[in-house]
Every structure is written in C-alpha cells, then in structure tokens.
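Note that the protein sequences, when read in sequence, are chains S and G. Here the working numbering is used: position 99 in the first sequence is 99, and no number is missing along the way. Here the working numbering is used: position 314 in the second sequence is 314, and no number is missing along the way. Below: one structure, written as structure tokens.
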Amino acid sequence: MQVPILKQGAYLIATVQSALTDEDLKQLRDTLVLQVSKVRARGVIVDVTALDVIDSFATRTLRDVAYMIRLRGAETVIVGIQPEVAFSMVKLGLTLEGVATSLDLEEGLAYLDRKAKAHQEVRAHR
Amino acid sequence: MTSKVVLVHHNTQASSTVVEHVAQGQEGLMNGTQEVAAVTQARLETTGSRLRELVAHLRHQRAQLREEWARLITEAKLLTAMTKEEIFAEATSVYDNYVEALETGTYEALQAYARNLSERIIPRGVETHEVVGIVLLLRDVLARSLFATYHEDFNKLNRILDAYEPAANRIAATVAVGFVQERERIIREQQEAIRELSTPVLQVRERLLILPIIGVIDPQRARQLTEQLLRGIRTNRAKVVVLDITGVPYIDSPVANHLVQTVEAARLLGATVIVTGLSPEIAQTLVNIGVDLGKMNTVGDLQGGIEEAERLLGYKVVLMQEPALQST
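If you want it as structure tokens, here you go:
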C-alpha cells in the first residue's frame with residue numbers, strides 16, 4: 001500500500017491510510033527524502049492517525065525520516081498518534097526522541113508555520 | 001540364638017492376641033454403634049432440654065441481667081459514642097435476639113440483626129473491639145448468672161455450661177463476623193466512590209488542562225490517570241497539561257515509571273506536561289529510578305505551573321486595576 005504524498009504550499013503531507021509493511025515504510029522514507037528537495041519543501045507532515053500499531057521498525061523509520069529531512073534542510077512533524085498507541089510505544093521504550101509530534105494535521109501545520117516564522121526572524125536579525 | 005527364639009515366641013503370642021482382640025472388637029463394634037447412637041440421642045435430648053431450661057432462666061431474669069449488662073458496658077467505657085438510653089435500648093434487643101438464637105439454634109435472624117445493628121452504629125464511629133467487647137460481656141454476665149443459680153449443684157452447672165458455652169461462643173463469633181463484614185462492605189463502597197472521583201480533567205484556558213491528583217496512586221489508579229490524561233488531551237485539543245501531585249504523599253518506583261511514561265506519551269500527542277507539587281519523597285523516588293530531567297518539566301507549585309503553561313501558550317496575564325474586593 002503506497003502512501004500518497006501531497007504538496008500543500010511549502011509543505012509535503014504524507015497521509016498513511018492503512019497498516020504499513022516494512023517495505024512500505026522504507027519506500028515512504030525514500031520517497032519523502034527524495035521529494036523534499038525536489039519541490040523545495042520547508043516542512044514535511046506525516047499523518048499516522050490511521051495506524052493502530054506503531055512498532056519499533058516504524059518508530060525507527062519515522063525517526064530516520066525526520067533526521068534525514070532535517071539534514072536536507074527541512075522540518076518534519078509526526079501527527080495523529082492515537083493515545084493508546086502513544087502509551088504502548090512508550091511502554092516499549094519507543095519515544096521518537098528528537099522528533100516533533102503534534103495532535104493532528106492542523107496542529108502540525110501550525111507548528112511548521114511557527115518554525116518558519118522563527119526561522120525568518122532569525123534571518124532578519126542577521 | 002536363644003534370644004531370637006524367645007523373640008519369635010513373643011511375636012507369635014502377640015499377634016495371636018491381636019487377632020483375638022480384633023475378633024472381640026468386631027463384636028463389640030456392633031453393640032457399640034447402637035450404644036453410641038443411644039447415648040447421642042440421649043445427649044441431644046438433654047442438651048435440648050438443658051437449653052430450654054437455660055432459655056427459661058434467661059427469660060425469667062431478663063430485666064435484671066439486661067441492666068447488669070448495660071451497667072458493665074458503661075463501666076468498661078465501651079460504646080462511648082452512644083447515650084446511656086441508646087445503649088440500654090440496643091442491649092435489650094441484642095439480649096432478646098441472643099436468647100432467641102440460643103433457643104432456636106438458628107443464627108440467621110441474629111446474623112441479620114447484627115448486620116442491621118452494624119449498619120446503624122458504624123457511621124457513629126463504633127469500633128470492632130467495642131462490638132466484640134459487649135458481646136463477650138453479655139456472655140460473661142449470663143455465665144455468672146448461671147453460676148449464681150446452679151452453684152449448689154455442681155454437676156448440673158457443668159451440664160448447663162456444656163450446652164451454653166458452644167452456643168454462646170458461636171453467637172459471639174456471628175455478631176463479630178457480621179460487624180466486620182459490614183465494615184468491609186462499607187470500605188469497599190468508599191474505595192469505589194473515591195476511585196470514581198479520583199482523576200478529574202479540568203480545562204482552565206483554551207488548550208490548557210489541569211489534573212489535580214489527591215491521595216496515593218496505586219497501579220490501577222495510575223493506569224486510569226494515563227487514560228484520562230491522554231484522552232483529555234485529544235478531546236480538549238490541549239497543548240499543555242499541568243499535572244498537580246501536591247496531594248500525593250509518595251509513589252513507588254513502578255508508579256513513578258508509569259508517570260514518566262505518561263509524560264512521554266503526552267509528548268507524542270503533541271502536548272507538554274508540566275508536573276507540579278512534587279514532594280521531597282517523590283523527588284527522591286524519581287531520582288532513584290534515574291528520570292531524564294530533559295523529558296520531565298517540573299515546577300514547584302500549582303501556581304508556578306499554570307504561569308509556566310500560560311507562558312508556553314503565549315498568554316500574558318495583566319492586572320487591569322486594583323482588585324475590587326468587598327471590604328467589611
């Protein structure tokens with residue numbers, strides 16, 4: 001099952017629709033990391049609202065995506081983790097360290113907007 | 001060699017004796033069964049008749065013994081939560097129920113009465129030792145009166161006591177157990193009520209929740225807390241949650257771990273948790289389990305926590321004018 005990736009302004013939005021195999025996850029990672037520079041995106045949102053389970057491989061892949069995209073000059077935010085999923089992840093020690101998370105798509109967009117604004121302010125200051 | 005022979009001889013003799021005994025015993029057994037049955041029957045009858053005699057005696061002496069009992073209760077400073085008249089009224093009905101249980105040999109009515117009595121007196125602060133104490137006092141009062149009545153005929157006294165003691169002890173146990181069961185039922189109910197009230201999730205501002213926790217957090221309550229907090233974040237679209245544990249005296253390490261995990265899970269939902277009001281003991285526990293302070297946002301008290309939350313949310317609280325409070 002491929003994950004559709006939409007371009008919205010300066011952001012890329014990947015909405016996971018159903019459970020993903022490890023292959024799907026790798027493909028999502030590669031596509032996102034490739035696309036982010038191609039379309040000159042400033043931010044990436046990965047929406048995982050539809051996922052009932054997020055295992056260690058998924059967590060690691062999501063973290064890798066976030067780190068790789070930062071190295072390519074953009075911000076990533078994971079949105080829509082369900083409360084039960086969040087707690088079982090933490091129980092397994094999967095805390096997505098260093099990765100931004102938001103409640104839902106709207107919050108994720110607001111987060112990226114804030115980041116962009118802060119970035120501009122820093123630039124203006126220079 | 002000689003001794004061996006003697007031994008064998010002895011053995012033979014012994015075994016033959018045993019066989020004879022067995023043969024005799026079997027015969028005796030047949031007779032014995034009938035005898036035992038007859039004796040039991042007789043004993044039952046006499047126990048019954050003795051109990052009847054006993055009950056008649058207790059009915060006869062009712063007024064006097066009841067008064068004596070009530071006096072002893074007051075003297076022993078039991079049931080201090082009740083007035084003298086109340087003690088006397090209760091003593092009367094306990095006495096009557098007691099005699100009835102002795103008479104009928106059934107304890108259901110007494111059990112029901114004990115439960116009913118417990119229901120009435122537990123809210124007034126009557127303790128277990130008091131209830132056990134008064135029942136034992138009654139037992140002693142009645143035993144004394146039996147001594148007084150039958151002291152001339154020692155054998156009869158003994159037989160009466162044979163009938164009285166097991167029944168009296170069983171009554172005492174019934175009342176005490178009834179009381180304790182009622183107490184436990186009340187405690188269970190209260191625990192249930194406390195659990196239901198235990199984790200309120202309150203919104204104080206747009207996107208700001210407060211969870212005040214009061215009392216000891218056991219594993220079950222910790223689970224409930226996590227569930228409420230994460231669900232609260234989702235339904236209220238909260239960005240910041242202030243978890244106030246001023247009212248929690250201590251936590252053990254599993255619960256402390258659970259708390260840290262809850263804070264991390266909240267972050268995965270995009271919310272920040274500020275923990276306020278950590279007692280020194282809880283701080284110690286958290287340090288002992290090696291908490292990562294980078295993940296845990298803590299502020300001294302609830303006010304500081306709310307101020308910090310407002311800062312994170314971009315609120316600025318400004319005093320518009322001098323407080324217009326009514327002065328008397």
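Backbone N, C-alpha and C fix where the C-beta goes; we use that ideal spot for every residue, glycine too. Predicted model, so just to flag it, every value in this text is computed and none were measured.
Asked, Found
"Test: S/I5 CB closer than 9 Å to a CB of chain G", "no"
"Enclosing beta strand (DSSP E) for G/I186 [first to last residue]", "Note, G/I186: premise wrong, no beta strand (DSSP E); alpha helix (DSSP H) at F154 to L197."
"Three-state secondary structure assigned by DSSP to S/D22", "helix"
"Assigned secondary structure, G/G133 (DSSP; H/G/I helix, E/B strand, else coil)", "helix"
"9 Å Cβ cutoff, G/I122 in contact with chain S", "no"
"CA nearest to the CA of G/V201, picked from G/R231, G/I186, G/R185 and G/A193", "G/R231"
"Bridge partners - G/P212, DSSP secondary structure assignment", "G/D244"
"Meets three-Cβ-pair contact criterion under 8 Å: the segment 109-118 of chain G and the segment 179-193 of chain G", "yes"
"Nearest neighbour of S/D52, chosen from S/E97, S/T15 and S/V85 [CA to CA]", "S/V85"
"Residues of its chain near G/T246, where Cβ-Cβ distance is below 6 Å and the 5 sequence neighbours each way are ignored", "G277"
"8 Å contact criterion, which G/V242 and G/A172 should meet: CB distance rounded", "Rounded, the Cβ-Cβ distance is 54 Å, inconsistent with contact."
"Selected residue, minimal CA-CA separation from S/A10, among S/S37, S/P83 and S/I54", "S/S37"
"Cutoff 9 Å: G/Q303 Cβ touching any chain S Cβ", "no"
"Coil, strand or helix - G/S16 by DSSP", "Reliability fails at G/S16, whose pLDDT of 44 lies under 50, so the model's placement of it is uncertain and the value that follows must be treated cautiously. Helix, per DSSP."
"Host beta strand (DSSP E) of G/T276 (start-end)", "T272 to T276"
"Opposing strand residues paired with G/Q203 [DSSP bridges]", "G/L209"
"Sheet register partners of S/I78 (DSSP bridge)", "S/V46 and S/T101"
"Exposure label - G/G125; buried when at least 16 CB within 10 Å", "exposed"
"7 Å Cβ cut-off: residues of chain S touching G/E264", "V90 and T95"
"Selection from G/D301, G/E281, G/I306 and G/V273 that minimises the alpha carbon distance to G/L293", "G/V273"
"Anticipated Cβ contact below 8 Å, G/L137 with G/I73, distance rounded", "6 Å"
"Chain-ordered residues of the segment 211-230 of chain G with a beta carbon less than 8 Å from chain S", "T226, E227 and L230"
"Exposure of G/H258, with buried meaning 16 or more beta-carbon neighbours within 10 Å", "buried"
"Contact set for G/M1: own chain, Cβ-Cβ below 6 Å, skip 5 residues either direction", "Annotation note: pLDDT 41 at G/M1 (below 50); position unreliable, no value reported."
"DSSP-derived helix/strand/coil call for G/Q220", "helix"
"Contact list for the segment 101-117 of chain S against chain G, Cβ threshold 9 Å", "T101, S102, L103, D104, E106, E107, G108 and Y111"
"Separation of G/T199 from G/Q228, as counted between CA atoms", "7 Å"
"9 Å Cβ cutoff, S/I78 in contact with chain G", "yes"
"9 Å Cβ cutoff, G/R188 in contact with chain A", "Although the question refers to chain A, the structure presented lacks it and instead comprises the protein chains S and G."
"Residues bridged to G/V330 [DSSP beta-bridge criterion]", "With chain G covering 1 to 328 only, the question about residue 330 of chain G has no answer from this structure."
"CB contact below 9 Å: S/I81 versus chain G", "yes"
"Per DSSP, the bridge partner or partners of S/K7", "S/L12"
"Cross-chain neighbours of S/A86 in chain G, by beta carbon under 7 Å", "L230, A265, L268 and L269"
"Alpha carbon of S/Y111 to alpha carbon of S/S102, nearest angstrom", "8 Å"
"Contacts around S/I13, its chain only, beta-carbon distance under 6 Å, and the 5 residues preceding and following it disregarded", "L6 and I45"
"Cβ pair S/L32, S/I69 closer than 9 Å", "yes"
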